[in-house]
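Accompanying notes for the structure given below.
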Amino acid sequence: MLEIKNLHASVEGKEILKGIDLSIKPGEVHALMGPNGSGKSTLSNVLVGNPQYTVTQGSVTFRGKDLLQMPAEDRSHEGLFMSFQQPVEIPGVSMNNFMRAALNAKRKYLGQPPISGGDFLKLVKEKREMVGLDASLTRRGVNEGFSGGEKKRNEIFQMAMLEPLLTILDETDSGLDVDALRIVAEGFNRLRTENTSAICITHYQRMLDYIKPDIVHVMMDGRIVRTGGPDLAYRIEEQGFDWLKEE
Amino acid sequence: MPQSQDNALVRDIANRDYEYGFTTDIETEIIPRGLSEDVVRLISQKKGEPQWLLDFRLKAYRHWLTMEQPKWGHVDLPPIDYQAISYYADPRGRKRKDGPQEIDPELQKTFDKLGIPLNERLALSGVAVDAVMDSVSVKTTFKEKLAEKGIIFCSISEAVKDHPDLVRQYLGSVVPYRDNFFAALNSAVFSDGSFVYIPKGVRCPMELSTYFRINAINTGQFERTLIVCDDGGYVSYLEGCTAPMRDENQLHAAIVEIVVCQDAEVKYSTVQNWYPGDREGRGGVYNLVTKRGLLKGDRSKLSWTQVETGSAITWKYPSCVLKGDGSTAEFYSVAVTNNHQQADTGTKMVHLGRNTRSTIVSKGISAGRSQNSYRGLVRVAPNAEGSRNYSSCDSLLLGDTCGAHTFPYIDVNNDSSVVEHEATTSKISEDQLLYCNQRGIPPEEAVALIVNGYAKEVLNKLPMEFAVEAQKLLSVSLEGSVG
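The listed protein sequences derive, respectively, from chains Y and L. Residue numbers in the first sequence follow numbering that gives the first Met the number 0, run continuously in steps of one, and reach 246 at the last position. Residue numbers in the second sequence follow numbering that gives the first Met the number 0, run continuously in steps of one, and reach 482 at the last position.
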C-alpha cells in the first residue's frame with residue numbers, strides 16, 4: 000500500500016527527516032512513537048503534501064503511484080486521509096457544504112457524477128451515527144466552536160465519509176480525556192476493514208489500548224531507530240525513550 | 000503548487016474571468032463629446048422634459064462648475080477629462096420615431112445573453128425588470144401587473160412625463176445637487192434609471208430590479224433612481240450592472256434616492272459587476288456613486304445590501320438618515336478587489352430620531368495588487384436619545400501585495416446612546432487551505448469556499464433568486480488569486 004524509501008525532508012531549510020524507510024501493507028496498523036521533535040508530524044505532513052515541507056531525497060509510492068508528484072487533493076482522492084492534530088476552523092462554511100464539496104471533488108476525479116442532495120444527506124446521517132457525531136454539528140461551520148473532543152470526532156466522521164485506504168491519525172489522543180478518546184477510537188475501529196491501513200502517531204501507550212497496532216516504530220532525530228511488535232509500546236510506556244538513545 | 004501548473008492556471012483564468020465583456024453592435028445615437036450648458040439643454044430636450052426639470056439641471060450644472068473633484072478617498076483616481084466624454088447615448092436605433100413598437104432584436108439578444116430576459120413569459124418568476132442600456136431605459140417588464148396594485152415601476156424619464164408631481168416632490172430631496180461633486184454632475188446630466196412608488200399599505204408582490212448596461216464607447220452613464228415607499232408599504236429592489244471590456248476607462252456616476260415613510264420598509268440590494276479592468280489595470284469602470292435613503296417616518300426600515308466585485312475604482316457610501324423615531328437601518332456589504340482594483344466604500348448612519356437603530360456589517364476581501372477601504376460614519380444627534388449602532392468591519396487578505404484599510408468616524412452627541420465598533424483583519428491561512436486540499440478540495444475551489452463562508456452573513460441578506468449568482472460571482476472574481 001505505502002512504500003517509503005530513504006525519505007529526507009526539510010522545513011525552512013532545516014533537515015528534519017534524515018532517511019525514513021517504511022512499508023505498510025493492506026490491513027496493517029502501524030504505530031509511530033517518539034519524543035517531541037523526532038519528526039513524526041513532519042512525516043505525516045510530507046505524506047499529505049503540506050507545501051511548507053520540502054522533500055530533498057527519497058521516494059514514496061502509494062498504491063503503485065508516485066505520491067510525491069501528486070498535488071495534495073489527488074493524494075486524498077487516491078485514498079490518503081489525515082486526522083489532523085489541530086483541525087482548523089473554517090467559519091461560515093457548513094460541515095455539510097464542506098463534505099459535499101470534498102465528496103464531489105473525489106467523484107469527479109474518479110469520473111463519477113456529483114452525488115444528489117438526497118443521497119448525500121442519507122450518507123451523512125448513516126456515517127454520523129456510525130461515529131456518534133451530533134446532528135447539529137454538521138450544520139455548523141467546519142469545526143466552528145467545536146470542543147476538542149468534537150473536533151476529533153469530526154475528523155473521524157470525515158474519514159467515514161471519504162472511506163480512505165490509508166489513514167494517518169496524527170496525535171489524535173492529544174487534548175482528549177479518556178472517555179473522549181474511547182469514543183473516537185471506537186469510531187475509528189468500526190471503520191476498519193481488511194483492506195484499510197493506518198499510521199497512528201502518538202506519545203502514549205493509552206491510545207494503543209484502543210487502536211491495536213500490528214507494528215510499532217520508534218522515531219528519533221529524523222530516523223526510525225527501532226521497529227517491533229505491540230510489546231515495544233509497553234516498554235516505552237514503562238521506560239521512556241532514553242534506553243533507545245543509549246543503544 | 001508547482002510553478003508551471005500555477006502559470007497555466009493564471010493564464011487560463013485571465014482569458015475567462017469577465018464573462019460579460021462583449022459589445023453589442025447596434026446603431027446608437029450619441030451626442031458629441033463635451034459638457035456645456037448647451038449639452039445640458041440638449042439632453043433635457045431629447046427627453047422632452049418640462050421647464051422645472053431643465054431649471055434643476057442648469058442650477059446643478061452651474062453649481063458643479065464651482066466645485067472640485069474630491070480627493071479624500073483612499074483611491075488613486077486619475078484626472079477625468081469631462082470634455083472627452085459623451086453624455087447621452089441612445090441605442091434604440093431609428094425605428095423608435097415610428098411610435099411605440101417592438102424592442103430591437105439586438106437589444107433583446109443582449110439582455111438574453113446577460114441572463115435578463117425582457118420577455119415576461121421567460122422572466123425569472125417573481126422579478127420585474129427595468130433594463131437600462133447607456134442613457135435610456137429599453138424596457139420595463141410587469142408594469143401593468145404592478146399597476147393593478149397602484150405600484151408605479153418605470154424608468155425615471157417616463158415618470159417625469161406620467162407622474163410629474165411625485166418626481167418633482169422627491170427628486171433631490173434626499174441627495175441635493177449641492178451634496179458633492181459627482182452628485183452635482185449627475186443632477187446636471189442624468190439620463191435614465193428607475194422610478195418606484197409603493198402606495199400606502201401596499202406590499203410589493205414581486206422583486207423589482209434594474210439592470211444597468213454600459214455599451215457605447217467613450218460615454219458616461221448617469222443613472223438616476225428614485226424610490227418612494229409610502230406609509231406601511233414594502234418593497235425589495237435589486238440592481239445589477241455590467242459593461243464591455245474596453246481599454247479606456249468609463250464613468251458611471253449615479254444617484255439613488257430612497258424615501259421611506261412611516262412603518263414602511265425598503266430593501267435595496269446591489270450586485271455590482273462593472274468591468275474591473277484587465278490584469279494590468281487597463282480599462283474598467285469608474286463607479287462614483289451617491290446613494291442615500293431618508294427614513295422619514297416613524298418605525299421605518301431601510302436595508303442596503305451590496306456585493307461589489309466589479310469596477311476599476313469604486314467610490315460609494317450607501318447611507319441612511321434615520322429621522323423617524325424608532326427607525327431601523329442596516330448596511331451589509333461584501334467588497335471584493337483583485338488585480339489593480341481600488342474600492343473605497345462604506346456607509347453613513349445619521350441618527351436624528353429617538354430610539355433609532357443601525358447595523359453595519361462590512362466584509363472586505365482583497366487580492367492581487369488591489370486596495371480595499373472601508374469608510375464609515377456613525378453620527379448620533381443630540382436629540383437622538385436611546386439610539387444604538389453596531390458596526391463590524393472585517394478584512395480578509397489573499398496574498399501580501401494587496402491592502403485593506405478601515406476608516407471609521409464616530410460622532411455621538413448624547414449620553415443615552417450606545418455605539419459599538421468591531422474590526423478584524425485576517426488572512427486565509429495555509430492551514431485552512433491544506434485542510435481543504437487534504438479532503439480533496441482543490442486550491443481554487445477551497446478559496447471560493449472559504450471566502451463564501453466569510454461573506455455568508457451578507458450573502459444571506461440577498462433575495463434568494465440572486466444569492467446563488469452572487470456566490471458564483473465571488474468565486475469568479477477571485478480566480479487566479481492563489482497559487
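Where a beta carbon is used, it is the ideal one built from N, C-alpha and C, also for glycine. Bear in mind that the values here come from a model prediction, so they are computed numbers and not experimental data.
- Using beta-carbon distances, H76(Y) counts as an interface residue toward chain L, with a partner under 9 Å.
- Using a Cβ-Cβ distance cut-off of 8 Å, the region 243 to 258 of chain L and the region 170 to 180 of chain L are in contact, since at least three pairs of beta carbons, one from each stretch, lie closer than that value.
- The straight-line gap separating the alpha-carbon atoms of D220(Y) and C435(L) is approximately 30 Å.
- Within the region 429 to 445 of chain L, E429, D430, Q431, L433, Y434, N436, Q437, R438, G439, I440, P441, E444 place their CB atoms closer than 7 Å to a CB of chain Y, listed in sequence order.
- The beta carbons of N49(Y) and L433(L) sit closer together than 9 Å.
- Runs of alpha helix (DSSP H) with 4 or more residues, each lying fully within the region 156 to 218 of chain Y, are found at 177 to 190, 204 to 209, listed in chain order.
- For Q305(L), the closest C-alpha among the options C228(L), Y267(L), S208(L) is that of Y267(L).
- In the three-state scheme derived from DSSP, where H, G and I count as helix and E and B as strand, A30(Y) is classed as strand.
- In the three-state reduction of the DSSP assignment, W273(L) falls in the coil class, being assigned neither a helical nor a strand state.
- Here R189(Y) is exposed: its Cβ has fewer than 16 other Cβ atoms, across all protein chains shown, within 10 Å.
- When secondary structure is reduced to three states using DSSP, I42(L) falls in the helix class.
- Comparing C-alpha distances from Q51(Y) to each of I150(L), D430(L), V288(L) shows the shortest one belongs to D430(L).
- With 16 or more other Cβ atoms from the protein chains shown falling within 10 Å of its own Cβ, L294(L) counts as buried.
- Neighbours of Y331(L) in chain Y, taken as residues at a C-beta separation under 9 Å, are lacking, since the least C-beta distance is about 14 Å.
- Between the alpha carbons of A342(L) and A334(L) lies a gap of roughly 8 Å.
- Between L21(Y) and H29(Y), the CB-CB gap stays under 9 Å.
- The DSSP-derived three-state label of G116(Y) is helix.
- For Y453(L), the neighbours in chain Y by C-beta distance under 8 Å run, in chain order, P90, G91.
- Of the candidates E72(Y), Q84(Y), R127(Y), W242(Y), E72(Y) places its Cα closest to the Cα of A100(Y).
- For the region 168 to 254 of chain L, the continuous beta strand (DSSP E) assignments of 3+ residues that do not extend past its boundaries occur at 193 to 197, 206 to 212, 223 to 228, 233 to 241, 248 to 251, in sequence order.
- When the beta-carbon positions are compared, I364(L) and L473(L) come within less than 9 Å of each other.
- Rounded to whole angstroms, the separation of the alpha carbons of N153(Y) and S135(Y) is 12 Å.
- When DSSP states are grouped into helix, strand and coil, Q340(L) belongs to the coil group.
- Beyond the five residues adjoining it in sequence on each side, P212(Y) comes within less than 8 Å, by CB distance, of V28, H29, A30, C199, P229, A232 in the same chain, given in chain order.
- If you compare the alpha carbons of G78(Y), L180(Y), G147(Y) with that of E88(Y), the shortest gap goes to G147(Y).
- W314(L) has L287(L), D343(L) as its beta-bridge partners, per DSSP.
- When beta bridges are read from the DSSP output, D393(L) appears opposite K362(L), T423(L).
- Neighbours of L287(L) in chain Y, taken as residues at a C-beta separation under 9 Å, are lacking, since the least C-beta distance is about 31 Å.
- Between L165(Y) and D172(Y) a beta carbon distance of about 19 Å is seen, past the 8 Å cut, so the two are scored as non-contacting.
- When Cβ pairs closer than 8 Å are counted between the two stretches, the region 190 to 200 of chain L is seen to touch the region 146 to 165 of chain L, the count reaching three or more.
- Between the C-alpha atoms of S35(L) and L57(L) there is a straight-line separation of about 10 Å.
- Apart from the 5 residues on each side of it in sequence, R298(L) sits with its Cβ closer than 7 Å to the Cβ of Q261, D262, G323, G325, S326 in its chain, given in chain order.
- The criterion of a C-beta distance shorter than 9 Å is satisfied by V59(Y) and K4(Y).
- For A403(L), the enclosing beta strand (DSSP E) begins and ends at 402 to 411.
- Under the criterion of beta carbons closer than 8 Å, I29(L) and L41(L) do not qualify as touching, at roughly 12 Å.
- Approximately 7 Å separates the beta-carbon atoms of S357(L) and H350(L); this is inside 8 Å, confirming the contact.
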